[in-house]
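If you read the sequences in order, they're chains A and B. Offset between the first sequence (1-based) and the working numbering: plus 1. Offset between the second sequence (1-based) and the working numbering: plus 6. By construction, the Cβ of each residue, glycine as well, lies at the ideal position given by its N, Cα and C atoms.
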Amino acid sequence: MTDQRELDRILGAFFAEGTDELADRVIDAALDQVGRTSQRRAMRVPRKLLAMPMPARLAAVAVIGVVAVGAALLVARPGQPVVGVPSPAPGLIASPSAPTSPSAAPSPSVVPPRAPSWTATGSMIEGRGGHTATLLADGTVLVAGSDAGSASAELYHPGSGSWTSAGSMTQRRMAPSAARLPDGKVLVAGGACCGVAAAPLASDELYDPATGSWTPTGSMGTPRGGQTATLLPDGRVLVVGGYSGAEAGGVLASAELYDPGNGTWSPTGSMGTPRAQDTATLLADGKVLVAGGAGTSAELYDPGTGTWSATGSMATARFGHTATLLPDGQVLVAGGWDVNHAVAAAELYDPGTGSWSAAGSMATPRAFHTSTLLPDGSVLVAGGDGPLASAELYDPQSGTWTATASMSTPRAYHTATLLPDGRVLVAGGMTGQPNGRASAELYDPGSPGPSSEVPSATASVVQPKPAMFAYVRSSYHTGQLWIANADGTGAHQLFPDLAGSQGAPSWSPDGRLVFSLTPIGALGDPTGASRLYLTDASGSGPQLVDTGCVAPCMGDSDAAFSNDGTRLVLVRTTWSPNASVLETIDLSTGRVTELASTTVSDASGNFHGYGAADYHPRWSPDGTQIVFTQDVPRDTPAPPPGWETIGPVPAIFVVDADGRNLRRIGLPAQAADWSPDGTRIVFGSASLVVIHSLAAPGWLRQYYDIYTVRPDGSDLRRLTSDRFSKDPSWTADGRIRFDRVPMVDGDVNTEKPPQLWIMDADGSNAKQLSVSPLPASLPLSWSPQP
Amino acid sequence: MGAREDDRLDRDLVEQAQGGDREAFAILARTHGDRLMAIAHRILRDVGRAEDAVQQALVIAWRELPRLRDPDRFDAWIERLLVNASYAEARRWRRWNANIRVLPADGPVGPDEALSLEDRDRLERGFRRLPPDQRAILVFTHYLGLAPTEIADRLGIPVGTARSRLHYAHRAMRAAIEADERPVAVAGGRPR
Numbered sequence: 002m003t004d005q006r007e008l009d010r011i012l013g014a015f016f017a018e019g020t021d022e023l024a025d026r027v028i029d030a031a032l033d034q035v036g037r038t039s040q041r042r043a044m045r046v047p048r049k050l051l052a053m054p055m056p057a058r059l060a061a062v063a064v065i066g067v068v069a070v071g072a073a074l075l076v077a078r079p080g081q082p083v084v085g086v087p088s089p090a091p092g093l094i095a096s097p098s099a100p101t102s103p104s105a106a107p108s109p110s111v112v113p114p115r116a117p118s119w120t121a122t123g124s125m126i127e128g129r130g131g132h133t134a135t136l137l138a139d140g141t142v143l144v145a146g147s148d149a150g151s152a153s154a155e156l157y158h159p160g161s162g163s164w165t166s167a168g169s170m171t172q173r174r175m176a177p178s179a180a181r182l183p184d185g186k187v188l189v190a191g192g193a194c195c196g197v198a199a200a201p202l203a204s205d206e207l208y209d210p211a212t213g214s215w216t217p218t219g220s221m222g223t224p225r226g227g228q229t230a231t232l233l234p235d236g237r238v239l240v241v242g243g244y245s246g247a248e249a250g251g252v253l254a255s256a257e258l259y260d261p262g263n264g265t266w267s268p269t270g271s272m273g274t275p276r277a278q279d280t281a282t283l284l285a286d287g288k289v290l291v292a293g294g295a296g297t298s299a300e301l302y303d304p305g306t307g308t309w310s311a312t313g314s315m316a317t318a319r320f321g322h323t324a325t326l327l328p329d330g331q332v333l334v335a336g337g338w339d340v341n342h343a344v345a346a347a348e349l350y351d352p353g354t355g356s357w358s359a360a361g362s363m364a365t366p367r368a369f370h371t372s373t374l375l376p377d378g379s380v381l382v383a384g385g386d387g388p389l390a391s392a393e394l395y396d397p398q399s400g401t402w403t404a405t406a407s408m409s410t411p412r413a414y415h416t417a418t419l420l421p422d423g424r425v426l427v428a429g430g431m432t433g434q435p436n437g438r439a440s441a442e443l444y445d446p447g448s449p450g451p452s453s454e455v456p457s458a459t460a461s462v463v464q465p466k467p468a469m470f471a472y473v474r475s476s477y478h479t480g481q482l483w484i485a486n487a488d489g490t491g492a493h494q495l496f497p498d499l500a501g502s503q504g505a506p507s508w509s510p511d512g513r514l515v516f517s518l519t520p521i522g523a524l525g526d527p528t529g530a531s532r533l534y535l536t537d538a539s540g541s542g543p544q545l546v547d548t549g550c551v552a553p554c555m556g557d558s559d560a561a562f563s564n565d566g567t568r569l570v571l572v573r574t575t576w577s578p579n580a581s582v583l584e585t586i587d588l589s590t591g592r593v594t595e596l597a598s599t600t601v602s603d604a605s606g607n608f609h610g611y612g613a614a615d616y617h618p619r620w621s622p623d624g625t626q627i628v629f630t631q632d633v634p635r636d637t638p639a640p641p642p643g644w645e646t647i648g649p650v651p652a653i654f655v656v657d658a659d660g661r662n663l664r665r666i667g668l669p670a671q672a673a674d675w676s677p678d679g680t681r682i683v684f685g686s687a688s689l690v691v692i693h694s695l696a697a698p699g700w701l702r703q704y705y706d707i708y709t710v711r712p713d714g715s716d717l718r719r720l721t722s723d724r725f726s727k728d729p730s731w732t733a734d735g736r737i738r739f740d741r742v743p744m745v746d747g748d749v750n751t752e753k754p755p756q757l758w759i760m761d762a763d764g765s766n767a768k769q770l771s772v773s774p775l776p777a778s779l780p781l782s783w784s785p786q787p
Numbered sequence: 007m008g009a010r011e012d013d014r015l016d017r018d019l020v021e022q023a024q025g026g027d028r029e030a031f032a033i034l035a036r037t038h039g040d041r042l043m044a045i046a047h048r049i050l051r052d053v054g055r056a057e058d059a060v061q062q063a064l065v066i067a068w069r070e071l072p073r074l075r076d077p078d079r080f081d082a083w084i085e086r087l088l089v090n091a092s093y094a095e096a097r098r099w100r101r102w103n104a105n106i107r108v109l110p111a112d113g114p115v116g117p118d119e120a121l122s123l124e125d126r127d128r129l130e131r132g133f134r135r136l137p138p139d140q141r142a143i144l145v146f147t148h149y150l151g152l153a154p155t156e157i158a159d160r161l162g163i164p165v166g167t168a169r170s171r172l173h174y175a176h177r178a179m180r181a182a183i184e185a186d187e188r189p190v191a192v193a194g195g196r197p198r
């Protein structure tokens, strides 16, 4: 055992060595950039703390109309490429089993844009208003609570459009708050019970989607209804303000934190102003913006210190408004009640300056409406006190509001939930009757491009063909090659540990595996770098593949067989020149064809030491083209205003097998795969694009979504919009397998085991496949299928 | 020049730079550059990437400087920007198939009685496997010699988080060192 003193000594010596000098050229480059960069000037808005008393009428409406926050707050997508709306429709993706032929295709090749629309979906079992709606990890939506004080809960299934009972809470609640915890459970807190003389509740309960059961958890220190709940990046839940029912005015300034680790609540300071029916929005820097609920003021909560501080005030006093985090990090606040009327005006909060600016006006004043960030970055605002059926869209690019299709039913105090397929589920709403509405409808943002009918809402049973996957497990100085069944069962190591660091494997058409191995001691030794090895799936000892790697070849990696098994594509790194070269080798003749070459030197010509710049090459099924990933310079494509990328980004290229016609397609992405008919390429995007908010330096977003595109770069389609789907590969029967990465601390966590999912080629019918935890090391390499 | 005078000079420069004085900022950048480079290099283990991180931190510092409330906190503040920039660089390179890792020649390897080359190689690999936040904690602890409370303050994280990150980082480094001490099974596996 290494004791702590010995470890301290070793680490001290380890860190003693290293560069202690910054090259002048770096300072010069930084100062050159500084010379072209203007400073961010903080605008100090004179802050008037208007301790505005809650109007009497507000007390009457009591605790209805909570804006459910929480899980939905984690959907900001800085840097999300704008590629049009995700389409739930299969669009023009050719049937994988029937290659497209322009003359034979029965359907037209171009379909006019599809207009945004509302369609009815199944009705809830029970009428509800002032309830909560929470998107669960499996894509279903949990609805709980009601203005009628119901204890029941229901689940909406987007695949079938139906509602099923989700059991009953242990307590009747109206206007509770709900937040989805990182472990997938839902915390439903507070609310009021029951009837006209409803009293706020301190109790809370947890819904476990795995068991479908409700269990009580620790109680808040103060009974609350009409409060906000916000999931913090560290997994705790911040509950703020609300009605207490007891105190004068009955509005709370206090805040509490729920710790999912031990199920307990603790106080975390108090706001400067009591608030209820306010909004709480998690900002990109991890702070929480609490706005309105009492006058114009707003405050910031810092989870790191547990403290509250004032920030700029809005121009308009509001409660019952909505707040939506936009992709650029700003917060859009819309509508709400002023002192005695609904307002139409909207405002934008800039976290960088802490100030508010006008964001136009809705056509209709709204309060107790809903606001939903759509996958294309626009914001859907629907319904509101009246009640109203109309809906409007805010476009952050132009800063304008436009009307969109109206709901079939007027709604207020309803819920709106963005589904993983990009549609919005709107459910319930108050009617003035004891029970709220049971009806629900779906908003389809439409499609600006080619598309076709919405798929029928029928659940399908997924029966994947048997396949296996291979993956590498690297422990210290050893490489292990493992294979497992498609559902994650039967995992086993193929042969004893190898001494060295192993690269990702890929399968040959006859079921063998090729992988690279960098031997121990290669660190710092350019002549001892990686070589390719071949093994069969029974685990016989790996054989060195003679690829003719001699100086200046530094090593080969990322090899893949053509479908006929006659050729190998691989990535070769060379020194002098420092390059990463994509090449093919004809295994019978040994003929080498260079397809693409890119330099891996830094600006001053030094080898930068981290190897290849090309990754994951894959042959088209007919062997005529190769898709691969290559690092390209930063800021390609340009990030949206207010954001910047740091470092190179990985991009997808396609090249003909003779080295001609090299072209970049798609979006920044890590790995791509061909459809079985070769007409489309699937990839997971944005996985390595690190984006800095100028307002919050260092805040990282690594989101993963899956897209397909034609090999010529046309017809880009987004298949998922959950932001944690990655590493897609096409199955032989034309579906797409992918991994869903768990969210931890508000970011995807690639160190936790992912779950294996499968969906149709148009993104519909997504189902979880794996029954046991998958290895954390990715990507999985799938065997060829029968 | 005494430390207090240094501090006062720094504060003056920070205030001038906050007012938009690029020359004052240039002096600050040259004064702090070496220290920032030392930290970034120890976290990122690569000169080129460390230089990128420092450059990024300096530019962000200039842009965000008017928002620094307390000029006396400039040192800690810019370190935090740097660590964040380093995280970005580190994550950028955390790819699954980076199976070729060649250390850059960082200049002469000094006499090193404390660690053998083998130890160093072993530590290097273990350290590179750590997530960036744990790397930063180790560098702040063992290179800058800071206590968890000070690190928490500088990085703007809760003390408990600093402690737990340090705990995990130590555990991982210990495992890395010890894992290598057991014989490596090479039967049938060692490339011939």
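Query                                                                                                                                                                           : Result
Just the Cα atoms here: how many angstroms apart are D761 of chain A and G25 of chain B?                                                                                        : 57 angstroms
Measure the CB-CB distance between P397 of chain A and S379 of chain A and report whether it falls below 8 angstroms.                                                           : yes
Can a CB atom of chain A be found closer than 8 angstroms to the CB of A32 of chain B?                                                                                          : yes
Check whether the Cβ atoms of P366 of chain A and V382 of chain A lie closer than 8 angstroms to each other.                                                                    : no
Run through DSSP, which three-state label would R75 of chain B get?                                                                                                             : coil
Could you check whether A203 of chain A and S220 of chain A sit closer than 8 angstroms to each other, using their CB atoms as the reference points?                            : yes
On the three-state DSSP scale, how would you describe S92 of chain B?                                                                                                           : helix
Given this structure, state the Cα-to-Cα distance separating Q61 of chain B from S298 of chain A, to the nearest angstrom.                                                      : 38 angstroms
With a cut-off of 8 angstroms, does the C-beta of R36 of chain B fall near any C-beta of chain A?                                                                               : yes
When you compare the CB positions of T410 of chain A and A390 of chain A, do they come within less than 8 angstroms of one another, or not?                                     : yes
How many angstroms separate the CA atom of S314 of chain A from the CA atom of D763 of chain A?                                                                                 : 45 angstroms
At what residue ranges does the region 211-263 of chain A contain a whole run of the beta strand (DSSP E), taking only runs of 3 or more?                                       : 214-218, 229-232, 238-241 and 255-260
Can you tell me whether DSSP reads Y174 of chain B as helix, strand or coil?                                                                                                    : helix
Since A154 of chain A and A145 of chain A should fall inside the 8 angstroms C-beta cutoff, what is the C-beta to C-beta distance between them, to a whole number of angstroms? : 4 angstroms
What residues in the region 17-34 of chain A bring their beta carbon closer than 8 angstroms to a beta carbon of chain B?                                                       : A17, E18, G19, T20, D21, E22, L23, A24, V27, I28, A30, A31, L32 and Q34
Suppose contacts are defined by Cβ-Cβ distances below 8 angstroms. Is R573 of chain A in contact with E584 of chain A by that definition?                                       : yes
Between L8 of chain A and chain B, is the shortest Cβ-Cβ distance under 8 angstroms, so that the two count as touching?                                                         : yes
For I11 of chain A, decide whether its Cβ has a neighbour in chain B, counting only Cβ atoms nearer than 8 angstroms.                                                           : yes
Quick one: is T3 of chain A near chain B, going by C-beta distance under 8 angstroms?                                                                                           : yes
Could you check what DSSP says for M431 of chain A in three-state terms: helix, strand or coil?                                                                                 : coil
Quick one, which residues of the region 168-186 of chain B are near chain A if we go by CB-CB under 7 angstroms, in chain order?                                                : H176, M179, R180, A182, I183, E184, A185 and D186
Going along chain B in order, which residues have a C-beta closer than 7 angstroms to the C-beta of G305 of chain A?                                                            : G162, I163 and P164
Considering only C-alpha positions, which residue in the set A:T575, A:A538, A:S539 and A:R532 is nearest to A560 of chain A?                                                   : A:R532
So that I know if they touch, is there some Cβ in chain B lying closer than 8 angstroms to that of F725 of chain A?                                                             : no
Name the DSSP bridge partner or partners of A292 of chain A?                                                                                                                    : A:T280 and A:A299
Assuming the contact rule is C-beta atoms closer than 8 angstroms, L283 of chain A and L326 of chain A should be a hit. Round their C-beta distance to whole Å, please.         : 7 angstroms
By the three-class DSSP mapping on this structure, what secondary structure does V53 of chain B have?                                                                           : helix
I'd like to know whether the C-beta atoms of Q278 of chain A and G321 of chain A end up nearer to each other than 8 angstroms.                                                  : yes
Determine, for W68 of chain B, whether the minimum Cβ-Cβ distance to residues of chain A falls below 8 angstroms.                                                               : yes
How should T418 of chain A be labelled, buried or exposed, when 16 other C-beta atoms within 10 angstroms of its C-beta is the threshold for buried?                            : buried
Quick one: is S517 of chain A buried, meaning 16 or more other Cβ sit within 10 Å of its Cβ, or exposed?                                                                        : buried
Are W357 of chain A and E348 of chain A close, meaning C-beta to C-beta below 8 angstroms?                                                                                      : yes
G512 of chain A: buried (16+ other C-beta within 10 angstroms of its C-beta) or exposed?                                                                                        : exposed
Taking only beta-carbon atoms, is A142 of chain B less than 8 angstroms away from chain A?                                                                                      : no
Would you grab the beta carbon distance between A292 of chain A and A324 of chain A for me? Rounded to a whole angstrom, and I think it's under 8 angstroms.                    : 6 angstroms
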